[in-house]
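J.: Input: one structure, supplied below.
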Amino acid sequence: MSQLTAVQENSVTTAPTMTHIQNADVQARYQTRRSRSLALIERLLRSYLRPYLWLLGASILLNVVIAATTGALPWFIQQAVDEVFNNKNPNMLVLVPLGVIAVSFIKGIATYGSNVIMNYVGQRSTANLQRDLFARLVHGDLAYVSQQHSGAYISIFMNDATRLRDTVSNIIISLVRHLLTIVALIGFMFTINWHLALVYTVIVIPMGVSAMRRLGKVTRTASRDGLQETSEFSTLIAETLSGLRIVKAYGQEGDQIGRAGATIDRVLEFTMRAIRARAAASPAIEALGGIAVGAIIFVGGYQSMQGNLTAGEFMGFITALLAVYQPLRAVANMQTILQEGVSAGTRVFAILDAKDHVVDTADASTLDVSEGAVRFDNVSFQYEGREHPALNGVTIEVRPGQTVALVGASGSGKSTLLNLTLRFFDVSNGVIEIDGQDIRKATLDSLRRATALVTQDPFLFDDTIANNIAYGSPAADTAAIEQAAKQAAAHEFIAELPEGYETRVGESGLRLSGGQKQRIAIARAMLKNAPILLLDEATSALDTASEQKVQAALNTLMQGRTSLVIAHRLSTIMHADRIYVMAEGQVAESGTHDELLAANGVYADLYHKQFESEGS
Ligand SMILES: Nc1ncnc2c1ncn2[C@@H]1O[C@H](COP(=O)(O)OP(=O)(O)OP(=O)(O)O)[C@@H](O)[C@H]1O
Ligand SMILES: [Mg+2]
Numbered sequence: 001m002s003q004l005t006a007v008q009e010n011s012v013t014t015a016p017t018m019t020h021i022q023n024a025d026v027q028a029r030y031q032t033r034r035s036r037s038l039a040l041i042e043r044l045l046r047s048y049l050r051p052y053l054w055l056l057g058a059s060i061l062l063n064v065v066i067a068a069t070t071g072a073l074p075w076f077i078q079q080a081v082d083e084v085f086n087n088k089n090p091n092m093l094v095l096v097p098l099g100v101i102a103v104s105f106i107k108g109i110a111t112y113g114s115n116v117i118m119n120y121v122g123q124r125s126t127a128n129l130q131r132d133l134f135a136r137l138v139h140g141d142l143a144y145v146s147q148q149h150s151g152a153y154i155s156i157f158m159n160d161a162t163r164l165r166d167t168v169s170n171i172i173i174s175l176v177r178h179l180l181t182i183v184a185l186i187g188f189m190f191t192i193n194w195h196l197a198l199v200y201t202v203i204v205i206p207m208g209v210s211a212m213r214r215l216g217k218v219t220r221t222a223s224r225d226g227l228q229e230t231s232e233f234s235t236l237i238a239e240t241l242s243g244l245r246i247v248k249a250y251g252q253e254g255d256q257i258g259r260a261g262a263t264i265d266r267v268l269e270f271t272m273r274a275i276r277a278r279a280a281a282s283p284a285i286e287a288l289g290g291i292a293v294g295a296i297i298f299v300g301g302y303q304s305m306q307g308n309l310t311a312g313e314f315m316g317f318i319t320a321l322l323a324v325y326q327p328l329r330a331v332a333n334m335q336t337i338l339q340e341g342v343s344a345g346t347r348v349f350a351i352l353d354a355k356d357h358v359v360d361t362a363d364a365s366t367l368d369v370s371e372g373a374v375r376f377d378n379v380s381f382q383y384e385g386r387e388h389p390a391l392n393g394v395t396i397e398v399r400p401g402q403t404v405a406l407v408g409a410s411g412s413g414k415s416t417l418l419n420l421t422l423r424f425f426d427v428s429n430g431v432i433e434i435d436g437q438d439i440r441k442a443t444l445d446s447l448r449r450a451t452a453l454v455t456q457d458p459f460l461f462d463d464t465i466a467n468n469i470a471y472g473s474p475a476a477d478t479a480a481i482e483q484a485a486k487q488a489a490a491h492e493f494i495a496e497l498p499e500g501y502e503t504r505v506g507e508s509g510l511r512l513s514g515g516q517k518q519r520i521a522i523a524r525a526m527l528k529n530a531p532i533l534l535l536d537e538a539t540s541a542l543d544t545a546s547e548q549k550v551q552a553a554l555n556t557l558m559q560g561r562t563s564l565v566i567a568h569r570l571s572t573i574m575h576a577d578r579i580y581v582m583a584e585g586q587v588a589e590s591g592t593h594d595e596l597l598a599a600n601g602v603y604a605d606l607y608h609k610q611f612e613s614e615g616s
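Reminder that position 570 of the sequence shown reads as 570 in full-length UniProt numbering, one-by-one numbering, no gaps.
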């Protein structure tokens with residue numbers, strides 16, 4: 001017995017606490033969602049709509065006109081019934097129809113103007129937003145930008161940005177036009193008969209609002225999941241296109257189609273969920289409208305029997321009630337549209353707000369390259385999310401005009417060193433200096449002007465060969481471009497292409513061989529004519545014959561320049577002034593080719609292996 005009491009007491013004391021916590025939790029979530037929506041709107045207004053405030057103002061005025069004209073119609077109906085049909089007033093017989101026609105015309109013109117203006121503002125500000133997004137991507141830290149697949153970015157540009165635009169125009173139209181119309185119509189109802197108006201506002205509006213809240217929640221989740229899934233779909237498209245050869249070579253067409261099908265189905269499911277919630281909004285309002293009309297006929301009929309309501313007033317009231325239906329539905333939908341916009345905005349602004357770490361400092365100065373000496377002093381670096389550092393206390397000295405080679409096993413940190421030299425990432429520890437200046441204190445622009453990079457996987461833009469070579473050297477003329485191509489042993493094959501230098505090379509240079517792409521990339525670096533040269537296995541994609549040609553070209557290029565060269569094939573770097581052998585992020589040994597062979601260490605080992613395999 002005492003035990004039972006204890007249990008009861010226990011449940012009595014815990015129950016309210018639980019509810020309390022849950023309520024607080026729900027409330028907090030509601031609050032944050034609400035403040036997030038508000039913050040988003042405020043931000044859109046502040047940063048994207050401000051330049052168009054006067055246009056928005058004009059549109060608001062037009063919407064006031066629309067609301068007023070809509071609100072005037074029930075009054076005309078009331079006048080028609082009472083003055084024309086009941087009192088047979090001949091003046092009103094002419095005035096009422098003329099008034100209706102005039103009001104409808106004004107409303108039509110105002111609606112046209114407001115729609116055009118609103119859409120212009122919406123499209124214009126989305127265009128600005130997309131421009132900002134693009135700039136963010138281009139300026140953004142490599143580390144941040146490479147976190148997401150290109151397909152996901154495309155989806156944000158295309159889907160989320162336009163979703164945001166629709167939200168903005170819808171919200172403004174709803175807030176101004178529809179809300180004002182509702183106020184005008186309900187105000188009119190009150191002037192006719194406040195009993196009826198009160199019945200209407202007390203029954204319909206609260207029920208409508210609570211129904212819409214619930215539906216809004218469904219839409220928001222579905223919309224967020226739908227956009228996420230859409231972004232996965234566009235990732236899949238991008239990935240399939242760029243990896244189409246592999247897909248075919250491994251016979252995975254069916255699998256790819258299956259994956260796409262599953263993603264498309266999920267997008268469909270989420271879209272339908274949102275559509276169902278939105279579609280439920282209209283019947284919900286309609287059903288409420290039915291209740292309202294029934295109640296009004298009952299109360300109005302009773303009042304009329306008492307002699308408190310004329311037929312015209314009743315008709316005017318019903319007209320207002322029917323006219324308020326559409327704007328009320330739009331305003332009720334506003335919540336769900338807003339929620340969709342918030343989930344799109346969250347994704348868009350996440351990109352815009354990403355903080356860059358590799359930036360010009362406030363006191364950044366132009367890099368002054370007189371000789372081109374590069375010095376890595378005890379440099380360490382760890383990629384984000386990696387357990388081990390990619391570089392660990394590396395010290396390398398490259399004297400002006402020297403060629404320094406980096407060799408070592410795959411993953412030993414060679415490319416990372418070049419990435420740091422270009423400040424694609426900033427060192428975690430230590431310092432990199434060019435001519436005695438810490439590169440973190442130089443402007444990014446001047447640093448990158450001082451360096452030319454040829455990467456392991458050459459990248460070509462979807463443009464002509466000439467433009468690809470002149471990329472980064474827009475002032476170069478045709479002669480200079482051809483000269484660079486000749487030096488890079490690329491002129492011959494380019495001349496044989498159907499349109500020569502004007503041949504478009506397509507996405508990532510799809511129509512060229514690996515070695516041809518590589519030679520165009522080298523020509524690009526030649527043309528840039530920068531004092532510091534960074535070559536990451538620039539000749540790795542070439543056959544022996546073209547490698548010799550390109551190597552000769554590179555040797556000319558490297559003359560008088562400071563060069564940092566990564567190579568797997570040791571024959572290409574034998575004549576380097578100094579060779580550094582990297583192992584697990586550290587310098588294992590260094591010296592000239594002869595010194596390293598004599599030392600009989602890692603390098604000698606590598607060399608003998610390559611020599612044997614090439615010799616056999
Ligand atoms: N963007 C990145 N994010 C995370 N880790 C990376 C990134 N790039 C390289 N790494 C890691 O850093 C280490 C060094 O890579 P790095 O590309 O510098 O090697 P490498 O010496 O150039 O190799 P290879 O000869 O194969 O080109 C590797 O363990 C690699 O997995
Ligand atoms: Mg590499």
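Ideal Cβ placement from N, Cα and C applies to all residues, glycine included. In this text, all values refer to a predicted model and were calculated from it rather than measured experimentally.
Any heavy atom of ligand 2 within a distance shorter than 6 Å of the CB on residue 618?
T.: No answer is possible for residue 618: the residues shown for the chain start at 1 and end at 616.
J.: Let me check one thing: in DSSP terms, what residues is G591 bridge-paired to?
T.: In the sequence shown, the residue the question calls residue 591 occupies position 591. In DSSP, G591 forms a bridge with I579.
J.: Where do the ends of the beta strand (DSSP E) carrying F376 lie?
T.: As a position in the sequence shown, residue 376 is number 376, starting the count at 1. Its beta strand (DSSP E) spans residues V374 to F381.
J.: In the segment 230-296, which residue ranges form an unbroken alpha helix (DSSP H) of at least 4 residues, counting only runs that do not cross its ends?
T.: Here the runs fully enclosed are 244-249.
J.: When we look at the beta-carbon of D353 and count the other beta-carbons within 10 Å, is it buried (16 or more) or exposed?
T.: Indexing the sequence shown from 1 puts residue 353 at position 353. Exposed.
J.: From F314 to I101, what does the alpha carbon distance come to, in whole angstroms?
T.: On the sequence shown, position 314 is the one that residue 314 refers to. On the sequence shown, position 101 is the one that residue 101 refers to. Each residue's alpha carbon lies about 22 Å from the other.
J.: Could you pull out every residue in the same chain whose Cβ sits closer than 7 Å to the Cβ of G601, ignoring the five residues on either side in sequence?
T.: On the sequence shown, residue 601 is found 601 positions in, with the first residue counted as 1. Cβ within range, chain order: E589.
J.: Would you tell me roughly how many angstroms separate the C-alpha atoms of S380 and I432, rounded to the nearest one?
T.: As a position in the sequence shown, residue 380 is number 380, starting the count at 1. As a position in the sequence shown, residue 432 is number 432, starting the count at 1. Each residue's alpha carbon lies about 10 Å from the other.
J.: DSSP state of T167, grouped into three classes?
T.: Position 167 of the sequence shown, counting from 1, holds the residue named residue 167. Residue state, collapsed to three classes: helix.
J.: Going residue by residue through the segment 510-559, where are the continuous alpha helix (DSSP H) segments of at least 4 residues, counting only ones entirely within it?
T.: Fully enclosed alpha helix (DSSP H) runs of 4 or longer: 514-528 and 544-558.
J.: Tell me the DSSP secondary structure of S146 in three-state form.
T.: As a first step, residue 146 must be located in the sequence shown, where it is residue number 146. Three-state DSSP puts S146 in coil, outside helix and strand.
J.: For S37, does the three-state DSSP call read helix, strand or coil?
T.: Looking up residue 37 in the sequence shown gives position 37. Helix.
J.: So for Q22, helix, strand or coil by DSSP?
T.: In the sequence shown, the residue the question calls residue 22 occupies position 22. Low confidence applies to Q22: its pLDDT is 47, below 50, so where it sits in the model is not reliable enough to give any reading.
J.: Go ahead and pull the three-state DSSP assignment for L196.
T.: Residue numbering aside, residue 196 sits at position 196 when the sequence shown is read from its first letter. Three-state result, L196: helix.
J.: Buried or exposed: which applies to V81, given that a residue is buried once 16 or more other Cβ atoms fall within 10 Å of its Cβ?
T.: By 1-based counting over the sequence shown, the position of residue 81 is 81. Buried.
J.: With distances taken from CA atoms, which of E547, G113, A211 and A344 is nearest R177?
T.: By one-based count along the sequence shown, residue 177 stands at place 177. Of E547, G113, A211 and A344, the residue nearest in Cα terms is G113.
J.: Report the rounded CA-to-CA distance for Y501 versus R131, giving the unit in angstroms.
T.: As a position in the sequence shown, residue 501 is number 501, starting the count at 1. As a position in the sequence shown, residue 131 is number 131, starting the count at 1. In a straight line, the C-alpha of Y501 is about 31 Å away from that of R131.
J.: How far does the alpha helix (DSSP H) with residue 617 in it extend, from its first residue to its last?
T.: Since the first and last residues shown for the chain are 1 and 616, residue 617 lies out of range.
J.: So if DSSP puts R504 in a beta bridge, which residue, or which two residues, is it bridged to?
T.: Within the sequence shown, numbered from 1, the residue matching residue 504 stands at position 504. Answer is T464, bridged to R504.
J.: Taking the alpha-carbon positions, what's the G472 to K528 distance?
T.: The residue you call residue 472 lines up with position 472 of the sequence shown. The residue you call residue 528 lines up with position 528 of the sequence shown. Cα-Cα distance, rounded: 7 Å.
J.: What three-state label does DSSP hand L309 in the structure shown?
T.: Here residue 309 refers to the residue found at position 309 of the sequence shown. In the structure shown, L309 sits in coil (DSSP, three-state: anything other than H, G, I, E or B).
J.: Is it the case that the Cβ atoms of V121 and Y52 are separated by a distance below 7 Å?
T.: The residue you call residue 121 lines up with position 121 of the sequence shown. The residue you call residue 52 lines up with position 52 of the sequence shown. Yes; because the gap between Cβ atoms is below 7 Å, this pair is in contact.
J.: Less than 8 Å between the CB atoms is what I'm expecting for R561 and G401, so what's the real figure, rounded?
T.: Translated into positions along the sequence shown, residue 561 becomes position 561. Translated into positions along the sequence shown, residue 401 becomes position 401. With 8 Å as the limit, R561 and G401 qualify as a contact, their Cβ atoms being about 7 Å apart.
J.: If I follow the unbroken beta strand (DSSP E) through G411, where does it start and stop?
T.: Against the sequence shown, residue 411 aligns to sequence position 411. G411 -> no beta strand (DSSP E), and no H or E assigned at all.
J.: Expressed to the nearest angstrom, what Euclidean distance is found between the alpha-carbon atoms of N89 and V103?
T.: Along the sequence shown, read from residue 1 onward, the residue named residue 89 stands at position 89. Along the sequence shown, read from residue 1 onward, the residue named residue 103 stands at position 103. Between N89 and V103, the C-alpha separation is close to 21 Å.
J.: Buried or exposed: where does L321 fall if 16 or more other Cβ atoms within 10 Å of its Cβ makes it buried?
T.: Along the sequence shown, read from residue 1 onward, the residue named residue 321 stands at position 321. That one is buried.
J.: Sorry if obvious, but does the Cβ on G412 come closer than 6 Å to a heavy atom of ligand 2?
T.: Sequence index remark: in the sequence shown, residue 412 carries index 412 (1-based). Checking the sequence, you will find Ser at residue 412 rather than Gly. Not under cutoff, so the answer is no.
J.: Have a look at T455 and T346 and give me their C-alpha separation to the nearest angstrom.
T.: The residue given as residue 455 occupies position 455 in the sequence shown. The residue given as residue 346 occupies position 346 in the sequence shown. About 35 Å.
J.: Is it the case that the segment 387-402 contacts the segment 365-375, given that we only count it when at least three CB pairs across the two stretches are under 8 Å?
T.: Counting Cβ pairs under 8 Å, three or more are found: they touch.
J.: For the candidate residues A523, I172, L570 and A598, whose alpha-carbon lies nearest to that of G341?
T.: For this step, residue 341 is matched to residue 341 along the sequence shown. Of the listed residues, the one whose Cα sits closest to G341 is I172.
J.: So, is W75 buried or exposed, given that buried needs 16 or more other C-beta atoms within 10 angstroms?
T.: Translated into positions along the sequence shown, residue 75 becomes position 75. Looking at its Cβ environment, which holds 16 or more other Cβ atoms inside 10 Å, W75 is buried.
J.: Please find out if some non-hydrogen atom of ligand 1 comes closer than 6 Å to the beta-carbon of R386.
T.: Position 386 of the sequence shown, counted from the start, is the residue given in the question as residue 386. Answer for R386: yes, Cβ within range of ligand 1.
J.: How many whole angstroms separate the CB atoms of D141 and V427, which I take to be in contact at a CB cut-off of 8 Å?
T.: By one-based count along the sequence shown, residue 141 stands at place 141. By one-based count along the sequence shown, residue 427 stands at place 427. Not quite, the Cβ-Cβ distance comes to about 14 Å (not below 8 Å), so this is no contact.
J.: CB V267 to CB E239, shorter than 7 Å?
T.: Position 267 of the sequence shown, counted from the first residue, corresponds to residue 267. Position 239 of the sequence shown, counted from the first residue, corresponds to residue 239. No, the pair does not count as a contact, with Cβ atoms beyond the cut-off.
J.: Exposed or buried, what is F298 when buried is set at 16 or more other beta-carbons lying within 10 Å of its beta-carbon?
T.: Start at 1 with the first residue of the sequence shown, and residue 298 comes out as number 298. Counting Cβ neighbours within 10 Å, F298 comes out exposed, since fewer than 16 surround it.
J.: Looking at R165: is its Cβ nearer than 7 Å to the Cβ of T126?
T.: Your numbering for residue 165 matches position 165 in the sequence shown. Your numbering for residue 126 matches position 126 in the sequence shown. Yes, these two residues count as a Cβ contact at 7 Å.
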